[in-house]
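Undergrad:
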């Protein structure tokens, strides 16, 4: 310890940061009796799945996972499509007024959802889309595409002109050039965007909380957030619910780690 | 072909903006203007809205609850932007110069991953994790330390507790960004200063910080905006309570929209919040422009 004071201090901090993850995991697998008689810090005696099963069946967690997956997946793909179309016009087409158009996208991205929520709620009700996944998919497609357009326009602004020129000589129209040349060459950037949009949408809480009120439509964070602190939840069931929220998020992080660490600095512009 | 090139640059490309033009109008522009419009009315959400001019704004500036919510928001800016930036700078520099060089980059990456892990959680799930750990009767924290504190229910503790949770949640983001920035920076300057006998703190202050100034700007801006928008953790942990101890503008507007049916008043709060966020963004960008 004395020889490595800095390492020791940083190690203690790391332990503190990981502490909640460890505590949640340990206690999600205990029986209520084991929890109340023992220390939360001690590992469970066995793998007791009661808490997890109770919570899983109570909220139909499989359904919540599917809802989150469906919504985030659709948004990720649609928002990238929309971003590519915009960025093609702004970055490669260099349409007139592109700077002011970009500013509009940037402002749209920074606006708080609170300043849009009530009219969106009202309009969705009028259109019969309230409490539907479709409404949330449309809204987040637009919000994510605002960021995607901003980022991708800068990337496509650097696109090698000679390649496009060569394609034009060969008789490729604009759409062909986009679909056959720009999209395949920008694949790495586009896949980073798909992953980001997926995770950002998965993590959203405010608008899904308001729009997805029926149980059948709720996403994972909404289902967990709404049930938090409910009276009938005992300690181990609460712990299990937290663990069920952690697992998919950490899984995405591990699966996409390399893309994400490369992309986090890109995402910083957000 | 010929006709296409004659149309000149730009012409046909507008077509590609059409889907977004329609969707953005419907999802962003119209709702934003409607929100602005309703902020000048008294409306319960059903029936007709009554025009009241600036009454909601006048009421807002006289409302003690509104000012409390902004004071709490400043506290959350400290917890989500200032503290993580300062701590993140020290941690990133320590990991990069000290740990990375003396114990290998694997140790540095492992520590960085540990600090970053809370950031991968949906913020509402982070709230669920802590809500359970801080539960007054069966929570793990009280049980481990033999305490009986009501962390989120005691008006004197609630804000500090939420701030601590947010520091935990936010810290990894600046560490990762700053470490990436340090990798970009030129090591020669650092080495020269070290040979000249400059202490670690002096090098940190005079070399490291100026080198990653752009990253510091980005982190401060994004974290401040995130703090101004904070909703999930407040909803999950405290619902703004006890009393108004953890009330923030975004939750205050939600309350007026969806629980009190004061849509006009809620719209005014949301509009003020939007103006502040856009103003903060512009200020940062202007400042950055001048520095560059």
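Chains as they are written, first to last, in my numbering: chain A, 1 to 270; chain B, 1 to 292. Ideal Cβ positions, reconstructed from N, Cα and C, are used throughout, including at glycine.
Starting from the beta carbon of residue 166 (chain B), find every residue of chain A whose beta carbon is closer than 7 Å, and list them in chain order.
TA: Within 7 Å Cβ-Cβ: nothing; residue 166 (chain B) doesn't reach chain A, min ~13 Å.
Undergrad: Could you tell me which chain B residues have their CB closer than 9 Å to the CB of residue 174 (chain A), listed as they occur along the chain?
TA: Residues of chain B passing the Cβ test: 4, 12, 13, 15, 16.
Undergrad: Between residue 105 (chain A) and the rest of its own chain, which residues show a CB-CB distance below 7 Å, the 5 nearest in sequence each way excluded?
TA: Hits under 7 Å: 146, 149, 150.
Undergrad: If you measure from the beta carbon of residue 248 (chain B) to each beta carbon in chain A, is any gap under 8 Å?
TA: No, because no Cβ of chain A sits closer than 8 Å to the Cβ of residue 248 (chain B).
Undergrad: Since residue 17 (chain A) meets chain C, which of its residues come closer than 9 Å, beta carbon to beta carbon?
TA: Any reference to chain C falls outside this structure, whose protein chains are A and B.
Undergrad: Look at the alpha carbon of residue 45 (chain B) and the alpha carbon of residue 237 (chain B), and state the distance between them as a whole number of angstroms.
TA: Whole-angstrom Cα-Cα distance: 28 Å.
Undergrad: Closer than 9 Å between beta carbons: that is the criterion. Which residues of the stretch 43 to 67 of chain A meet it against chain B?
TA: Listed in sequence order: no entries.
Undergrad: So does residue 278 (chain B) have its beta carbon nearer than 7 Å to some heavy atom of the ligand NAD?
TA: For the ligand NAD, the structure offers nothing, since it holds no ligand at all.
Undergrad: Excluding sequence positions up to five away, which residues of its chain have a Cβ less than 7 Å from the Cβ of residue 237 (chain A)?
TA: So the list reads 51, 54, 55, once near-sequence residues are dropped.
Undergrad: State the DSSP-derived secondary structure class of residue 31 (chain A), mapped to helix, strand or coil.
TA: Residue 31 (chain A) falls in the coil class under three-state DSSP.
Undergrad: Leaving aside the five residues before and after residue 10 (chain B) along the sequence, list all residues of the same chain whose C-beta is less than 6 Å from its C-beta, in chain order.
TA: Since pLDDT at residue 10 (chain B) reaches only 49, below the 50 mark, its modelled position is unreliable, and no value is offered.
Undergrad: Within a Cβ cutoff of 7 Å, which residues of the same chain sit near residue 251 (chain B), ignoring the five residues on either side of it in sequence?
TA: Cβ neighbours of residue 251 (chain B) beyond the five flanking positions: 231, 234, 235, 240.
Undergrad: Have a look at B:27, B:177, B:206 and flag the residue whose alpha-carbon is nearest the alpha-carbon of residue 112 (chain B).
TA: Ranking the options by Cα distance to residue 112 (chain B), first place goes to B:177.
Undergrad: How many angstroms separate the CA atom of residue 205 (chain A) from the CA atom of residue 100 (chain A)?
TA: Each residue's Cα considered, the two are about 30 Å apart.
Undergrad: Rounded to the nearest angstrom, how far is the Cβ of residue 90 (chain A) from that of residue 78 (chain A), given a contact under 8 Å?
TA: Between residue 78 (chain A) and residue 90 (chain A) the Cβ distance is about 18 Å, and since that is not below 8 Å, they are no contact.
Undergrad: Which ranges would you report for the beta strand (DSSP E) in the stretch 177 to 222 of chain A if only whole runs of at least 3 residues count?
TA: Correct list: empty.
Undergrad: Alpha carbon to alpha carbon, how far is residue 181 (chain A) from residue 164 (chain A)?
TA: Taking the straight line joining both Cα atoms gives about 8 Å.
Undergrad: Hey, quick one: how far does the alpha helix (DSSP H) through residue 145 (chain A) stretch, first residue to last?
TA: Segment 133 to 157, the alpha helix (DSSP H) holding residue 145 (chain A).
Undergrad: Would you say the stretch 151 to 168 of chain B touches the stretch 180 to 189 of chain B, given that touching needs at least three Cβ pairs under 8 Å?
TA: Output reads no: the stretch 180 to 189 of chain B does not touch the stretch 151 to 168 of chain B.
Undergrad: Our contact map puts residue 268 (chain B) next to residue 114 (chain A) with C-beta atoms below 8 Å; I'd like the distance itself, whole angstroms only.
TA: The Cβ separation is near 11 Å, so there is no contact.
Undergrad: Would you call the stretch 122 to 130 of chain A and the stretch 157 to 173 of chain A in contact, with 3 or more CB pairs under 8 Å?
TA: Segments in contact, no.
Undergrad: Mind checking the stretch 99 to 111 of chain B against chain A and listing, in chain order, the residues whose C-beta falls within less than 7 Å of any C-beta there?
TA: For the stretch 99 to 111 of chain B, which is checked against every Cβ of chain A, the residues closer than 7 Å are 99, 103, 111.
Undergrad: Name, please, each residue of chain A whose Cβ falls closer than 9 Å to the Cβ of residue 299 (chain B).
TA: Only positions 1 to 292 of chain B appear in this structure, which leaves residue 299 (chain B) out of reach.
Undergrad: Helix, strand or coil for residue 239 (chain B) per DSSP?
TA: Of the three classes helix, strand and coil, the one that applies to residue 239 (chain B) here is coil, per DSSP.
Undergrad: Please decide whether residue 145 (chain A) counts as near chain B, where near means a Cβ-Cβ distance under 8 Å.
TA: True, the Cβ-Cβ gap to chain B drops below 8 Å.
Undergrad: Can at least three beta-carbon pairs, one atom from the stretch 129 to 146 of chain A and one from the stretch 21 to 40 of chain B, be found at a separation below 8 Å?
TA: Segments in contact, yes.
Undergrad: Could you check whether the stretch 120 to 131 of chain B touches the stretch 241 to 250 of chain A, counting it as contact only if at least three pairs of C-beta atoms, one from each stretch, sit closer than 8 Å?
TA: The stretch 120 to 131 of chain B, when compared against the stretch 241 to 250 of chain A, does touch it at the 8 Å Cβ threshold.
Undergrad: Residues of the stretch 262 to 278 of chain B in Cβ contact with chain A at a cutoff of 7 Å, in chain order, please.
TA: Here the close residues are 263, 266, 267, 270, 271, 273, 274, 277, 278.
Undergrad: In the DSSP assignment, the alpha helix (DSSP H) including residue 162 (chain A) goes from what residue to what residue?
TA: Here the alpha helix (DSSP H) through residue 162 (chain A) covers 161 to 169.
Undergrad: For residue 96 (chain A), does the three-state DSSP call read helix, strand or coil?
TA: DSSP places residue 96 (chain A) in coil when its eight states are reduced to three.
Undergrad: Starting from residue 259 (chain A), find everything on chain B with Cβ-Cβ shorter than 8 Å and list it in chain order.
TA: Ordered by position in chain B, no residue passes the 8 Å Cβ test against residue 259 (chain A), which lies about 13 Å from the chain.
Undergrad: Exposed or buried, residue 282 (chain B), counting other C-beta atoms within 10 Å across all chains shown (16 or more means buried)?
TA: Counting Cβ neighbours within 10 Å, residue 282 (chain B) comes out exposed, since fewer than 16 surround it.
Undergrad: Which residue wins for smallest C-alpha separation from residue 108 (chain A), given the options B:290, B:261, B:32, B:262?
TA: The option with the nearest alpha carbon to residue 108 (chain A) is B:32.
Undergrad: Taking buried to mean at least 16 other C-beta atoms within 10 Å of its own C-beta, is residue 206 (chain B) buried or exposed?
TA: Counting Cβ neighbours within 10 Å, residue 206 (chain B) comes out exposed, since fewer than 16 surround it.
Undergrad: Quick check on DSSP: helix, strand or coil for residue 48 (chain B)?
TA: Coil at residue 48 (chain B), not helix or strand.
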